[in-house]
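Peer 1: Numbering (the working numbering), first residue to last: 85 to 329.
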Ligand code: GDP
């Protein structure tokens, strides 16, 4: 029996006519990465809103980028989209509390939106402004129906702060039931050595384990704009959120 099975397997493997058609249809990992990065590169500014009711009502799947000020959010958006200054508007004085939207996909028929949400956690921000921020973020993450995913940037040297945890609690119900996906990027990973990076990843996974359910789609990855680490993988995750629904 063994000899027969082995020889049959060999026959199948060595039949070039059987193997060729499927091989030519399969996209390699490199193809998928290239496709995802090409899609991300199409991002262009659409509009800016200081209040939720100013956001356009749209059916387009939306991916929100959130994180503490200085976590590397603008740099991550610019790196993912391979554009130098796309997320620069968020840094313009007077616009730091705005939600900036970017369209992706073909020019006349965009197929997704990136939403750059205000960075949080500046110590100097007055209590009133903090409360206002909390309300905007909580409301956005709760009511924005077109939201399909959240990318949370966390400085890999600091790990989750209280505000990061608070933010995750705003979106936890929708992550828990699988209607919104979550990707945590541990930024500036180039500043860590190998063992520090492994520790940062493990502690983030432990925190995320607490909000993960059977339905949830939660990921975490080391990310470095400087060393170009994790960029293709992140682009493929976002691409799949939009295209595999
Ligand atoms: P944001 O406030 O979250 O938008 O943060 P920025 O994107 O402006 O980045 C904050 C600081 O971190 C800047 O000085 C960036 O140059 C730096 N930074 C961002 N990404 C990286 C990275 O991958 N590696 C290193 N070493 N520094 C980074």
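Glycine included, every Cβ here is placed at the ideal spot set by N, Cα and C.
Could you tell me the boundaries of the alpha helix (DSSP H) in which residue 245 lies?
Peer 2: Run containing residue 245: none; DSSP gives neither H nor E here.
Peer 1: Are the Cβ atoms of residue 225 and residue 268 separated by less than 7 angstroms?
Peer 2: Their beta carbons are not under 7 angstroms apart, which means residue 225 does not touch residue 268 by this criterion.
Peer 1: Counting pairs of beta carbons, one from the segment 139-156 and one from the segment 194-214, are three or more of them closer than 8 angstroms?
Peer 2: With a cut-off of 8 angstroms, the segment 194-214 and the segment 139-156 count as touching, because enough Cβ pairs lie within range.
Peer 1: At a threshold of 6 angstroms, does residue 281 count as lining the ligand GDP (C-beta to nearest heavy atom)?
Peer 2: Answer for residue 281: no, Cβ out of range of the ligand GDP.
Peer 1: Do you know how far the Cα of residue 301 is from the Cα of residue 319?
Peer 2: Between residue 319 and residue 301, the C-alpha separation is close to 16 angstroms.
Peer 1: Does DSSP put residue 280 in a helix, in a strand, or in coil?
Peer 2: Correct three-state label for residue 280: helix.
Peer 1: By DSSP's criteria, residue 152 is part of a beta bridge. Which residues make up the other side?
Peer 2: BP columns for residue 152 point to 204.
Peer 1: So, at 6 angstroms on beta carbons, what are the nonlocal neighbours of residue 287 in its own chain, with the 5 sequence-adjacent residues on each side left out?
Peer 2: Within the same chain, residue 287 has close Cβ partners 243.
Peer 1: Within the continuous alpha helix (DSSP H) that includes residue 234, where are the two ends?
Peer 2: Element bounds for residue 234: not the alpha helix (DSSP H) but the beta strand (DSSP E), 231-239.
Peer 1: Would you say the beta carbon of residue 276 comes nearer than 6 angstroms to a heavy atom of the ligand GDP?
Peer 2: Flag unset: Cβ of residue 276 not near the ligand GDP.
Peer 1: Quick one: is the Cβ of residue 240 within less than 6 angstroms of any heavy atom of the ligand GDP?
Peer 2: No, Cβ of residue 240 sits at least 6 angstroms from all heavy atoms of the ligand GDP.
Peer 1: Take residue 325 and list the residues in its own chain whose beta-carbon comes closer than 8 angstroms to its own, dropping the five residues that flank it on each side.
Peer 2: These residues qualify, in order along the chain: 145, 147, 232, 233, 265.
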